[in-house]
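Data first, discussion second: the structure below is written as C-alpha cells.
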C-alpha cells in the first residue's frame, strides 16, 4: 500500500489525471458488463410482477418473451401466491396462469395452473404428446405467502412447495410444448395476490428452487433494485413497464387489464347459455377503447344474419354488434352506426360443435381479433367519430334479429 502511495505521489498532475480517467473507464466497463449480463439473464429468465398483483385482474403476456427451452423439453416455473380464502368462486375453478390456449378445462396447455373449486388444493395440467395429465398439490396454506415451483426435465416433473420437494412424477410421454401466450388470472381469478411469477427455459434443481424460496416475496435483491432503476428491463406491470427488447430482437408485449385503472364487467359466468332473441343481460358503461372476450360453440348455420352480442346505447347502434353471416359461422362485427369502415366479416369460419375463445380489442386506431389465442385478423381503424361511449344495454342476442344457433359463456367486458 505504501509503495502505491509513493508511486502516486511522484506522478505529475497530467499523469494522475490520465490514470484517473483510465480507472473511471475500467469501472464503467465493469458496470456495463454486469448490467448487460444481468439484462440478458432477465430477458431469458423473465420474472413478472415484482410487486404483488391483484389476482382477480386478467392479463396476457406475449409468447415472444418466453424463450424456447435450452435443452429439449426442460423448463421451470416458480411463483409466490397468497390466497385469502376459498369462499370466492366456491365450487368453481380459480385460474392462476396458463401457457397455451386459454381454457377453463385445459387441454392445450403446458402448463395450466388452477386452484381447486372447493378445497385448498392446487391443480396442474401438463399436455403431453398423447394426453393432458392432471396433478395436485394438497393442503395449500391460506392467509400466508406460499412459494410454488414446477420443474420439468424431459419426462420427469417435480413439484415444490416452500422450497421443499412435494412430489415427483414420471410422464408417460414427452411434454407437448406450445407457442401460445401466457394468460394470468382469467375467468375471475382467485381471492388473493400473485408475485414473482418466473419462467426459466431450463430445469432448475432442488438447490436452485430452495434458493429462490429464501428470498422474501415482497423484496428484491439489492442489485436487482439498482438494475431495475438503471436499465428498466425487469417486468413490473404495476409500474406500467410495458415494453422491453432483447439482444435477440424478441419483443415483450404486455396487454394489461388492471382493475385499478379499467372497468371490468363479468357479463355471464362459466356455464354455457343458449342464445335467445331479446335477451337483455345488463346495463354497463362502455368506453371507446375496450376488450370483449367470450367463449362460443356454434350449433348450426342459418339462412339469415343472426345475432350473438349487441351492445346498444341508443337502440340499434352497435357498440359493438356481432353476428354470424348467412349460411356460415363467419363472425360479422360492427363497431359504430352507419359507417362501413367499422364493419368486418372475418374470413375464417368458426368450427361447428366446438368451443372457440374470442377476444376482440379496440385500442385507439387498432382493431385486433383473436380466436382461441392465435391472432387471426387485424384491421387498422381510421375514423373515430362514430365510435360511441356511455351507458349501454348489453344483449346476448338482440331484439332486432334472429338469434344465432349457438351457446355462449364467459363474457367479459373491460374498458381501457
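Residue numbers (this note's numbering): 138 to 553.
We put the CB at the ideal spot given by N, CA and C, even for glycine.
Beta-carbon gap between residue i and residue j smaller than 8 angstroms
i: residue 230; j: residue 262; result: no
i: residue 422; j: residue 534; result: no
i: residue 528; j: residue 419; result: no
i: residue 540; j: residue 464; result: no
i: residue 211; j: residue 307; result: no
i: residue 449; j: residue 472; result: no
i: residue 201; j: residue 335; result: no
i: residue 436; j: residue 280; result: no
i: residue 532; j: residue 403; result: no
i: residue 217; j: residue 257; result: no
i: residue 228; j: residue 199; result: no
i: residue 546; j: residue 409; result: yes
i: residue 187; j: residue 319; result: no
i: residue 315; j: residue 237; result: yes
i: residue 311; j: residue 265; result: yes
i: residue 329; j: residue 219; result: yes
i: residue 424; j: residue 526; result: yes
i: residue 277; j: residue 270; result: no
i: residue 208; j: residue 339; result: yes
i: residue 247; j: residue 351; result: no
i: residue 508; j: residue 470; result: no
i: residue 548; j: residue 405; result: yes
In DSSP terms, what residue i is bridged to
i: residue 232; result: 251
i: residue 486; result: 467
i: residue 237; result: 246
i: residue 263; result: 270
i: residue 288; result: 213 and 295
i: residue 191; result: 330
i: residue 218; result: 283 and 331
i: residue 447; result: 458 and 532
i: residue 552; result: 427
i: residue 161; result: Its beta-bridge partners do not exist; DSSP assigns none.
i: residue 184; result: 335
i: residue 410; result: 545
i: residue 481; result: 470
Extent of the continuous alpha helix (DSSP H) run through residue i
i: residue 349; result: 343 to 351
Inter-residue CB distance, residue i and residue j (contact presumed, cutoff 8 angstroms)
i: residue 260; j: residue 273; result: 6 angstroms
i: residue 337; j: residue 213; result: 4 angstroms
i: residue 426; j: residue 483; result: Contact flag wrong, Cβ pair sits at about 21 angstroms.
i: residue 190; j: residue 332; result: 6 angstroms
i: residue 215; j: residue 349; result: 6 angstroms
i: residue 442; j: residue 460; result: 5 angstroms
i: residue 428; j: residue 553; result: 7 angstroms
Boundaries (first-last residue) of the beta strand (DSSP E) holding residue i
i: residue 506; result: 503 to 508
i: residue 336; result: 329 to 337
i: residue 432; result: 427 to 435
i: residue 460; result: 458 to 461
i: residue 493; result: 493 to 500
i: residue 316; result: Run containing residue 316: none; DSSP gives neither H nor E here.
i: residue 306; result: 301 to 307
i: residue 527; result: 527 to 532
i: residue 197; result: 196 to 198
i: residue 226; result: Residue 226 -> no beta strand (DSSP E), and no H or E assigned at all.
i: residue 402; result: 401 to 405
Min CB distance residue i to chain D below 8 angstroms
i: residue 532; result: Given the protein chain composition of this structure (a single chain), no chain D is represented.
Residue i Cβ short of 7 angstroms to the ligand NAP heavy atom set
i: residue 497; result: What this structure holds is no ligand at all, so the ligand NAP is not there to describe.
Handout entry: Sufficient close CB pairs (3 or more, under 8 angstroms) joining the segment 317 to 326 to the segment 180 to 196
Key = yes
Problem - Stretch-stretch touch, CB-based, cutoff 8 angstroms, three pairs: the segment 333 to 350 with the segment 292 to 309 - result: Because the criterion of three Cβ pairs below 8 angstroms is met, the segment 333 to 350 and the segment 292 to 309 touch.
Problem - Any 3 or more C-beta pairs closer than 8 angstroms across the segment 490 to 504 and the segment 429 to 442 - result: yes
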